[in-house]
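Line order of the protein sequences matches chains U and L. Under the working numbering, residues 227 to 417 are what the first sequence spells out, in order. Under the working numbering, residues 3 to 139 are what the second sequence spells out, in order. First comes the structure, then the notes that go with it.
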Amino acid sequence: MEKILTFIQQPWPWWVSGPLIAYVMFSLLYFGKGFGISTNFKTVCCMLGSCKVSDFFCFNWRDQVWNLMFIIGVVLGGFVAAHYLTPDMTVAISASTVNDLKEIGIVNPGTSYLPEEIFGSDNIWSLRSLVFLVGGGFLVGFGTRYANGCTSGHAISGLSNLQYWSLIAVVGFFIGGLLMTHLILPYLIAL
Amino acid sequence: MKHLRFMIMGILFGITLSKGEIISWYRIQEMFRFQSFHMYGVIGSAVVLGILTIQFIKRTKLKDAQGNYISVSTQEPGYARNLIGGTIFGLGWAITGACPGPLFILVGHQGWPFLLAILGAVAGTFTYGLFERKLPH
């Protein structure tokens, strides 16, 4: 048993994580549901009464309770992984990424899951951290609803279903990601 | 608790993306700098298996747990919607280092600061809803 736990506690390679994601998609389909995580943001808006200001939020949110349960599980999964399954939080990113990130001002790239100076709770009320969390989150919420899907709906489900429009959306994901990473991010880190 | 099974799937999904380091800001940076195969392996293998799975579902007319034929939803057409919306999401993805799934996972993994990102995402979704009719699709 201990051997199994030690085995699970290592970082999982892509050929374990990728197939498990496909398995989750299949399980949802088998129980009559579609894989789509960003929809939960819309459901929350609906539950908070946004239907009063826009028809876009007028639907029966009870049909999405399964999806809210799914994301409650997702949060729990993150908690379990962090507290019981990951004794070593270093992430073995490539040496060139470490160098590039040091150059734009990240202090210790790869020594934890994310840069503590930006996302750690000690620095959270700085302008930079709020831009990264609230500002970044805003773009994620706005963009996924505009494109009607995120990585789960478009990149995984859509491409798996050979959807042309999902391919276009994924091209968009990369246009945005590349623009941000290579042109804008250095300025945001310097805030 | 008829939705308990979805919570269990969520737990599996959360653990998988945590242990696969897909929730790591550094892994997303590495992906957008094309400096490792890791993220492409994750998404690529999920999509290849997904294509095989969906082809299998369609060709065998597989039924779901309730005995209905499994239907896979199609996506909304439109260059403006998918390209502009996708680009805006991509900008956010590279800042937070997390798409919506990982944003929720990070609340459990890293703690409350990521509730601020969820709050931002809900505000972004709300703003889209306000301007939906004025935006090109």
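Built from N, CA and C at the ideal position, the CB exists for glycine as well.
With a threshold of 16 other beta carbon atoms within 10 Å, U:ASP326 meets it and is buried. DSSP places U:ALA307 inside the alpha helix (DSSP H), whose first and last residues are 291 to 310. The residue from L:ASP66, L:PRO79 and L:PRO104 with its alpha-carbon nearest to that of L:LEU14 is L:PRO104. Per DSSP, the beta bridge partners of L:LYS65 are L:TYR71. Membership of L:MET11 in the alpha helix (DSSP H) is indicated by the continuous run 6 to 21. Excluding the 5 residues flanking it on each side, U:LEU385 has same chain C-beta neighbours closer than 6 Å at SER392, in chain order.
If you check each beta-carbon in the segment 66 to 90 of chain L against every beta-carbon of chain U, the ones closer than 8 Å belong to ASP66, ALA67, GLN68, ASN70, ILE72, VAL74, SER75, THR76, GLN77, GLU78, PRO79, GLY80, TYR81, ARG83, ASN84, LEU85, ILE86, GLY87, GLY88, THR89 and ILE90. The Cβ neighbour count for U:ILE230, taken over all protein chains shown within 10 Å, is under 16; the residue is labelled exposed. When the five nearest sequence neighbours on each side are left out, the beta carbons in the same chain lying within less than 6 Å of the beta carbon of L:THR98 are those of ALA119, in order along the chain.
For U:TYR390, the enclosing alpha helix (DSSP H) has its first and last residue at 390 to 405. For chain L, the residues of the segment 365 to 379 of chain U that bring a beta carbon within less than 7 Å of one of its beta carbons are LEU365, VAL366, GLY367, PHE368, GLY369, THR370, ARG371, TYR372, ALA373, ASN374, GLY375, CYS376, THR377 and SER378, in chain order. Under a 10 Å Cβ-count criterion, U:TYR390 is classified as exposed, with fewer than 16 other Cβ atoms of the shown protein chains found around its own Cβ. Interface flag for U:TRP287 against chain L is unset, since no Cβ pair is found closer than 8 Å. Interface annotation, L:LYS63: not in contact with chain U, CB-CB separation never under 8 Å.
In the structure shown, U:VAL333 adopts coil according to DSSP, grouped into three states.
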